[in-house]
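Under UniProt numbering, the first residue of the sequence shown carries the number 1, and numbering increases by one thereafter. Have a look at the structure below before the remarks.
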Amino acid sequence: MPSIINLSANERRLLPQVRLQTSFLLSLPTGWFYYGVPGVRPVVGEIAANSIAAEAQIAPGTELKAVDGIETPDWDAVRLQLVDKIGDESTTITVAPFGSDQRRDVKLDLRHWAFEPDKEDPVSSLGIRPRGPQIEPVLENVQPNSAASKAGLQAGDRIVKVDGQPLTQWVTFVMLVRDNPGKSLALEIERQGSPLSLTLIPESKPGNGKAIGFVGIEPKVIPLPDEYKVVRQYGPFNAIVEATDKTWQLMKLTVSMLGKLITGDVKLNNLSGPISIAKGAGMTAELGVVYYLPFLALISVNLGIINLFPCPYLTGGICCSLRSKRSRADRYPSGFKTFVIALARFCWCC
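This is the structure in structure tokens:
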């Protein structure tokens, strides 16, 4: 492959344009494939107490229709718009009861929004838990030789109480097990209609710098009904239009985040580095090509925007360098330039 040094002047002038167009155009066909990816309609499952969403009086069963006027047909669209609101004082979300077109606008106060992108999801940080598959406190599977098996638990058992407290949500049981490695938990279960009392002692394993408990069980999961699912698919022409719009949204988000970084509205740790990108690429690749391609679209647009920076070795830097050289070359007559070059060589030899 020829080096940039060996290219002609015209080829060097075309190189930045080719690099820039390649960065942006890569995202267009990627976005095309993206619109065949299944999604989940943004229906609220639960609202955390004393959260930003609770203060805005967003109720469970509400569907988030739009964020600041931009339609959000699935949770990915909601997350994309919320990330763009980092550093803002407020945002307006259009909501409606699930299955209804009776829309209304609610204003979220973001002045005290403590969102850390590397640790949590923008939706959950507002106190919103999406409507998802229902997890019942019924055991689907018990691993052999596990803490649950040693305690006498069997598949089909329903956990009714833990340490005398009624169990209504599976996540509560998960947290109790996680936070109590090696400690006894008194369980009251229901097996084939009959009550039974057991003692469960979670085993310990390292996690996040401390020991966490685990017992080796799987709960019964009721899949999300089809009415909560959505698949955005278009014909060839409409797919190009939608992909272009998606690319434009990603470009605006990138520019907005960089602008907020300069003004101090966004902290540097709000931006993912190469390690986060590598982790994201690995996880999305494992999910399949239809999930991996949208990730490439996001990275491609980000690289395209960053390439515009007037830094050495970036497209913006090359453009500035070529423009500067051309300006200097046109400023002086050829005879003067020849004299300067000869003088420089003479001084170098001396």
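Glycine is no exception: its CB is placed at the ideal position from the N, C-alpha and C atoms.
Check	Outcome
Please go through the same chain and pick out, in chain order, the residues whose beta-carbon is closer than 7 Å to the beta-carbon of Ile-135, but skip the five residues on each side of it.	Trp-170, Pro-219 and Val-221
Given that a residue counts as buried once 16 or more other Cβ atoms are within 10 Å of its Cβ, and exposed if not, what is Ala-285?	Unreliable placement is indicated for Ala-285, whose pLDDT of 49 sits below 50; the coordinate value is still reported in the next sentence. By the 10 Å Cβ count, Ala-285 comes out exposed.
Using 10 angstroms around the beta-carbon of Gly-213, count the other beta-carbons present and answer buried if the total reaches 16, otherwise exposed.	buried
Between Thr-94 and the rest of its own chain, which residues show a CB-CB distance below 6 Å, the 5 nearest in sequence each way excluded?	Lys-65, Ala-66, Arg-103 and Asp-105
Rounding to the nearest angstrom, what Cα-Cα distance links Leu-153 and Gly-132 in this structure?	27 Å
Less than 8 Å between the beta carbons of Pro-42 and Thr-72, yes or no?	yes
Nearest to Pro-144 by CA position, among Glu-116, Ser-194, Arg-232 and Gly-216, is which residue?	Gly-216
Expressed to the nearest angstrom, what Euclidean distance is found between the alpha-carbon atoms of Trp-248 and Asp-101?	28 Å
Since Phe-173 and Val-162 are thought to touch, with beta carbons under 8 Å apart, how far apart are those beta carbons, to the nearest angstrom?	6 Å
If you draw a straight line from the C-alpha of Asp-109 to the C-alpha of Gln-57, how long is it?	12 Å
How far does the beta strand (DSSP E) with Val-184 in it reach, from first residue to last?	At residue 184 the sequence reads Ser, which differs from the Val that was named. It is not in any beta strand (DSSP E) - Ser-184 carries neither H nor E in the DSSP assignment.
Distance check for Leu-80 and Asp-245, CA to CA, integer angstroms please.	13 Å
Could you have a look at Ala-48 and say whether DSSP puts it in helix, strand or coil?	coil
Using the beta-carbon count (16 or more within 10 Å), is Ala-151 buried or exposed?	buried
Can you grab the Cα-Cα spacing for the pair Ser-256 / Ile-201, in whole Å?	50 Å
Taking the Cβ atom as the reference point for each residue, do Arg-127 and Ala-77 lie within a distance shorter than 8 Å?	Note that residue 127 is Gly in the sequence shown, not Arg. No, they are not a contact pair.
When we look at the beta-carbon of Ser-125 and count the other beta-carbons within 10 Å, is it buried (16 or more) or exposed?	buried
Do you know offhand how far Lys-85's Cα is from Glu-116's?	13 Å
Which first and last residues belong to the alpha helix (DSSP H) in which Gln-81 is found?	75-83
Nearest to Ile-262 by CA position, among Asp-74, Ala-48 and Gly-87, is which residue?	Gly-87
Looking only at C-alpha atoms, which of Arg-129, Leu-253 and Gly-259 sits nearest to Val-83?	Leu-253
Sort Leu-258, Ser-51, Glu-120 and Asp-74 by Cα distance to Tyr-228 and report the nearest one.	Asp-74
Fully enclosed by the segment 78-134, which beta strand (DSSP E) runs are 3 residues long or longer?	90-97, 104-109 and 128-130
According to DSSP, is Ser-256 part of a helix, a strand, or is it coil?	helix
CA-CA distance, Ala-148 and Gly-193?	20 Å
Would you call Asp-157 buried or exposed, if buried means 16 or more other Cβ atoms sit within 10 Å of its Cβ?	buried
For the beta strand (DSSP E) that contains Val-194, what are its first and last residues?	One detail in the question is off: residue 194 reads as Ser in this sequence, not Val. Per DSSP, Ser-194 belongs to the beta strand (DSSP E) from 194-200.
By DSSP, does Thr-62 sit in helix, in strand, or in coil?	strand
If distances are taken between C-alpha atoms only, which option among Ser-146, Leu-187 and Gly-182 comes closest to Pro-166?	Leu-187
In three-state DSSP terms, what is Ser-23?	In this prediction, Ser-23 scores a pLDDT of 48, lower than 50, which makes its location untrustworthy; no coordinate-derived value is stated.
Taking the Cβ atom as the reference point for each residue, do Pro-223 and Ser-204 lie within a distance shorter than 8 Å?	no
Since Ala-56 is in the alpha helix (DSSP H), which residue starts that stretch and which ends it?	Here Ala-56 belongs to no alpha helix (DSSP H), and DSSP marks it neither H nor E.
Which residues does DSSP pair with Ala-211 in a beta bridge?	Pro-206
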